[in-house]
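Input: a single structure, listed below in structure tokens.
Protein chains: 2
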Amino acid sequence: MPPELNARQQEILDFLAQTIRERGFPPTFREIAEHCGFRSTQAVSRHLEALEKMGCIHRESGARSIRLASRLLEEPDSTEPVRMVPLVGEVAAGRPILAVEDIEDRLPVRQDWLPVHERSFFLRVRGDSMAEGIQAGDLVLVDPGVRVHRAEIVVAMIEDEATVKRFYPEADRVVLRSDNPTYADIVVSRDFRVVGRVSALIRKYR
Amino acid sequence: MPPELNARQQEILDFLAQTIRERGFPPTFREIAEHCGFRSTQAVSRHLEALEKMGCIHRESGARSIRLASRLLEEPDSTEPVRMVPLVGEVAAGRPILAVEDIEDRLPVRQDWLPVHERSFFLRVRGDSMAEGIQAGDLVLVDPGVRVHRAEIVVAMIEDEATVKRFYPEADRVVLRSDNPTYADIVVSRDFRVVGRVSALIRKYR
DNA sequence: TTGACAAGTGAACGGATGTTCACTAGAATT
DNA sequence: AATTCTAGTGAACATCCGTTCACTTGTCAA
């Protein structure tokens with residue numbers, strides 16, 4: 001919509017957005033000048049004038065009285081397709097998948113990140129078998145019933161025990177390898193099952 | 207959560223939130239005084255001082271340099287448990303934060319994972335300075351304007367370059383440390399800025 | 001070459017703005 | 001009754017900040 005934006009104008013617009021986002025209020029003329037390398041506030045004044053004429057900003061009188069046009073506002077009610085995916089248990093110790101009644105929680109995931117079948121779920125990771133890439137407490141998104149390729153990360157069931165490993169199929173057996181080199185490879189033939197592919201990971205700090 | 211708020215303090219806090227929401231920047235002392243019916247800016251000064259001590263606002267020097275802390279900037283219709291958080295750029299190389307027009311994408315995040323101020327955003331990580339825990343391509347959720355504690359992960363700006371590091375404050379300087387031991391510590395004094403705390407991480411496989 | 005124009009410099013100006021100091025009135029505390 | 005605390009007044013002040021004016025520089029078209 002805004003026909004042509006100068007490089008300088010774009011730079012100032014970026015700086016305005018950044019400052020407002022990080023500090024909570026707009027910068028002064030002199031702060032803008034310093035950012036752009038100007039030695040005069042007059043240059044800022046004229047650029048802001050141009051930006052206002054183009055409708056990118058709106059100004060009132062007084063210090064820092066700059067408001068960005070409506071594109072800045074984030075619409076939280078956008079109709080993005082999001083699905084709430086259940087967190088159903090833990091992996092790498094004990095029984096991995098609990099009954100549906102034991103859904104601990106639900107986390108939002110964009111629908112285009114999920115396969116169509118609606119059976120994905122989250123598991124909380126225990127242990128450090130995939131450290132440091134996957135850490136204890138991380139939540140892995142597991143897609144059951146999708147094709148797993150070589151070296152992808154899977155949740156595998158081995159004798160009633162579930163673990164997160166990389167998947168290396170061979171002629172008549174499968175090697176399950178940890179990213180953490182202190183864990184030895186696990187070679188399995190038929191006494192195991194791939195629960196699903198790990199397609200994403202969510203980590204919450206603190 | 208906030209211990210006890212005076213009626214006046216609540217009135218000022220409401221006025222701050224309303225002004226910021228409607229005008230895009232905070233009011234001046236005299237505007238606050240006029241709203242409250244004060245005839246002196248000194249009363250405003252002391253109330254703001256008290257509010258800052260209670261952690262409700264944060265102030266810098268200069269005109270209108272008031273930032274509301276966490277809880278108060280939310281719209282009254284925030285019953286949604288999920289908020290779409292914008293992905294606004296990359297970090298660890300070049301310019302870190304692009305204009306608001308350049309929102310690449312939006313990702314859903316549970317609202318109770320976010321501070322209430324609605325200014326959180328995602329950045330895509332480049333490089334391996336925090337490997338293996340944080341890998342290239344990961345999306346980090348950045349909360350600007352929250353207190354950062356020792357050893358937490360932050361996005362820091364050092365001379366127009368943004369990086370993800372662990373934050374170790376010392377007497378009159380700050381050590382920024384990579385998890386990846388092949389990167390040396392960066393010691394900075396004043397020529398840097400903490401953009402925000404990294405509070406979560408999302409990784410998409412394949 | 002000339003002229004127009006956009007972009008920036010440098011300095012000065014005046015008003016806006018946060019700060020400070022001395023003081024008052026009422027309420028709570030001792 | 002004396003003292004302290006809270007909340008606000010009023011004025012003075014230094015500085016921050018947007019505005020304005022005159023001038024310079026480089027580019028492009030006529």
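Residue numbers (our numbering), protein chains in the order written: chain A, 1 to 206; chain B, 207 to 412. Quick reminder that beta carbons are idealized off the backbone N, C-alpha and C, glycines included. Small disclaimer: the values here were computed from a predicted structure and weren't measured.
Can you tell which of the options has its C-alpha closest to the C-alpha of residue i?
i	options	result
residue 121/A	135/A, 132/A, 127/A and 142/A	142/A
residue 404/B	198/A, 203/A and 174/A	203/A
residue 217/B	319/B, 262/B and 359/B	262/B
residue 225/B	40/A, 25/A, 155/A and 117/A	25/A
residue 360/B	206/A, 42/A and 14/A	206/A
residue 151/A	86/A, 157/A, 170/A and 9/A	170/A
residue 352/B	212/B, 389/B, 321/B and 314/B	321/B
residue 355/B	380/B, 214/B and 367/B	380/B
residue 290/B	108/A, 188/A, 64/A and 6/A	108/A
residue 41/A	52/A, 162/A, 27/A and 53/A	27/A
residue 260/B	215/B, 368/B and 383/B	215/B
residue 161/A	14/A, 193/A and 52/A	193/A
Near residue i, what residues of its chain come up, given a Cβ to Cβ distance below 7 angstroms and the 5 sequence neighbours on each side ignored?
i	result
residue 180/A	128, 129, 130 and 131
residue 287/B	316 and 317
residue 200/A	113 and 141
residue 365/B	397
residue 38/A	44
residue 63/A	28
residue 61/A	none
residue 6/A	none
residue 389/B	335
residue 13/A	51 and 56
Between which residues of its own chain and residue i is the CB-CB distance below 8 angstroms, once the five residues before and five after are set aside?
i	result
residue 331/B	296, 297, 298, 340, 341, 342, 343, 344, 345, 346 and 370
residue 305/B	Any answer about residue 305/B is weak, because its pLDDT of 40 lies below 50 and its placement is not dependable; what the coordinates show is given next. Closer than 8 angstroms at the Cβ level, and outside the excluded window around residue 305/B, lies no residue.
residue 101/A	Legend: pLDDT at residue 101/A = 48, less than 50; position of this residue unreliable, value from coordinates given subsequently. Taken in chain order, the list of residues that qualify is empty.
residue 65/A	26 and 59
residue 15/A	27, 32, 35 and 36
residue 52/A	58 and 59
Considering residue i, what are the terminal residues of the alpha helix (DSSP H) in which it resides?
i	result
residue 267/B	Careful: residue 267/B lies outside any alpha helix (DSSP H) and carries neither H nor E.
residue 128/A	First-last for residue 128/A: undefined, no H or E at that position.
residue 45/A	41 to 53
residue 379/B	Element bounds for residue 379/B: n/a, residue is neither H nor E.
residue 20/A	7 to 23
residue 237/B	235 to 242
How would you write the range of the beta strand (DSSP E) that residue i sits in, first residue to last?
i	result
residue 414/B	What is shown of chain B runs 207 to 412, which leaves residue 414/B out entirely.
residue 347/B	345 to 349
residue 405/B	398 to 410
residue 114/A	That residue, residue 114/A, is in no beta strand (DSSP E); it is neither H nor E in DSSP.
residue 90/A	82 to 91
Less than 6 angstroms between C-beta atoms, sequence neighbours within five positions excluded: which residues of the same chain meet that for residue i?
i	result
residue 189/A	173
residue 95/A	Because the pLDDT at residue 95/A is just 46, under 50, the model does not fix this residue reliably, and the point stays unresolved.
residue 86/A	103, 106 and 121
residue 78/A	Interpretation of residue 78/A is limited by its pLDDT of 43, a score under 50 that renders its predicted location unreliable; the figure taken from the coordinates is listed afterwards. Result list for residue 78/A: empty, nothing under 6 angstroms.
residue 373/B	354, 358 and 360
residue 185/A	175 and 177
Check the C-beta distance from residue i over to residue j and give it rounded, since I have them as a contact under 8 angstroms.
i	j	result
residue 177/A	residue 144/A	In fact, because the Cβ distance is near 21 angstroms, the residues do not count as touching under 8 angstroms.
residue 22/A	residue 401/B	6 angstroms
*Below 8 angstroms, can you find three or more Cβ-Cβ pairs linking the region 24 to 33 of chain A to the region 42 to 53 of chain A?*
yes
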